[in-house]
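Novice: For the sequence shown, the positions run 6 to 261 when the working numbering is used. Glycine is no exception: its CB is placed at the ideal position from the N, C-alpha and C atoms. These numbers were taken from a predicted model, which means no experiment stands behind them. Can you read through this structure? Questions will come right after.
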Amino acid sequence: MNSPAKQILQAVADGTMSVDDALLKLKMSPFEDIGFAKVDLHRNIRQGASEVIYGEGKTPEQISAILGTMKERGQGRVIITRLSAEKAERLGKTPGLEYYPEAKIALLGGMPEPDSVGSVLIATGGTSDIPVAEEAAVTAQALGNRVTRLYDVGVSGVHRLLSHASEIMSANVIIAIAGMEGALASVIGGLADCPVIAVPTSVGYGAAFEGVTALLSMLNSCASGVSVVNIDNGFGAGYLASMINHMEAKNENRVS
6 MNSPAKQILQ
16 AVADGTMSVD
26 DALLKLKMSP
36 FEDIGFAKVD
46 LHRNIRQGAS
56 EVIYGEGKTP
66 EQISAILGTM
76 KERGQGRVII
86 TRLSAEKAER
96 LGKTPGLEYY
106 PEAKIALLGG
116 MPEPDSVGSV
126 LIATGGTSDI
136 PVAEEAAVTA
146 QALGNRVTRL
156 YDVGVSGVHR
166 LLSHASEIMS
176 ANVIIAIAGM
186 EGALASVIGG
196 LADCPVIAVP
206 TSVGYGAAFE
216 GVTALLSMLN
226 SCASGVSVVN
236 IDNGFGAGYL
246 ASMINHMEAK
256 NENRVS
């Protein structure tokens, strides 16, 4: 991933930026205290992506103030997660802010072109899991990944999943999203030769315990290479998938 820190160092190496100017950029305050929040301004340098704003529990005014601070300090692309349609409407006048209602994500700075070598495949057990899947998909796309969506391919009709064997075999990382008993992750884990990130959802009847049953099932998967994030945590899965998917490009840059 071509991080801001690497861009600064490359500019020094190319002679387009002085050492003093580069030092100033790197030494600028790592966070800004705006009273109710301490905005992390160095996360992009440390991790290659700006701080993500968690919209749930924040007022539109708070979100707007954080977003404004990040824009003023040069944070080019910012993700806001768990943002309700009502809050998004109140933030609608923010220039360059695009809202993805199914994912409940707003993105400032536009969707980037993919800069990873491989792709992220996102599969759901059922249609009811799509909101979590879209949170994962939009997150991964906003972080520069090609995304393939396979929705409603659960184990109750496993032939639907098997008909996409070529996509499963060619993915760099797979996100398997399911509620009920959460068996999809194990089935995909037994087919794929790449890391599988399992996301339990709160979809299901009473004994599903709002996703706890799927969570425990995924944690007890007998398939190797399956890791699990929290219930309904599409964002966490999309972010982790992006980190995995960018490792090949990162290693290639180190070699070159």
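DSSP state of Tyr104, grouped into three classes?
Specialist: strand
Novice: Below 7 Å between beta carbons: does that hold for Thr64 and Val44?
Specialist: Their beta carbons are not under 7 Å apart, which means Thr64 does not touch Val44 by this criterion.
Novice: Using the Cα positions of Ser124 and Ala27, report the straight-line distance between them to the nearest angstrom.
Specialist: 33 Å
Novice: On the CB-based measure, 16 or more other CB atoms within 10 Å of its CB, does Ile85 come out buried or exposed?
Specialist: buried
Novice: Per DSSP, what are the beta-bridge partners of Pro136 in this structure?
Specialist: Partner(s): none; Pro136 has no beta bridge.
Novice: Assuming Val208 and Gly184 make a contact with CB atoms under 8 Å, what is their CB distance in whole Å?
Specialist: 3 Å
Novice: Considering only DSSP beta bridges, list what Ser232 is partnered with.
Specialist: Ile202
Novice: Please state whether the Cβ-Cβ distance between Leu148 and Ser247 is less than 7 Å.
Specialist: yes
Novice: For my contact list, His169 and Val158 are in at a C-beta cut-off of 8 Å; report their separation, rounded to the angstrom.
Specialist: 7 Å
Novice: Bridge partners of Ser207, per DSSP?
Specialist: Answer is none; Ser207 lacks a bridge partner.
Novice: Between Thr144 and Ala138, which are expected to be in contact by the criterion C-beta below 8 Å, what is the C-beta distance as a whole number of angstroms?
Specialist: Thr144 to Ala138, Cβ: 11 Å. No contact.
Novice: Entirely within the region 157-226 and at least 3 residues each: give me those beta strand (DSSP E) ranges in chain order.
Specialist: Listed in chain order, the complete beta strand (DSSP E) runs (minimum 3 residues) inside the region 157-226 are 178-183, 201-205.
Novice: Using alpha carbons as the reference points, say which of Ser69, Glu66, Val24, Val83 lies closest to Gly53.
Specialist: Val83
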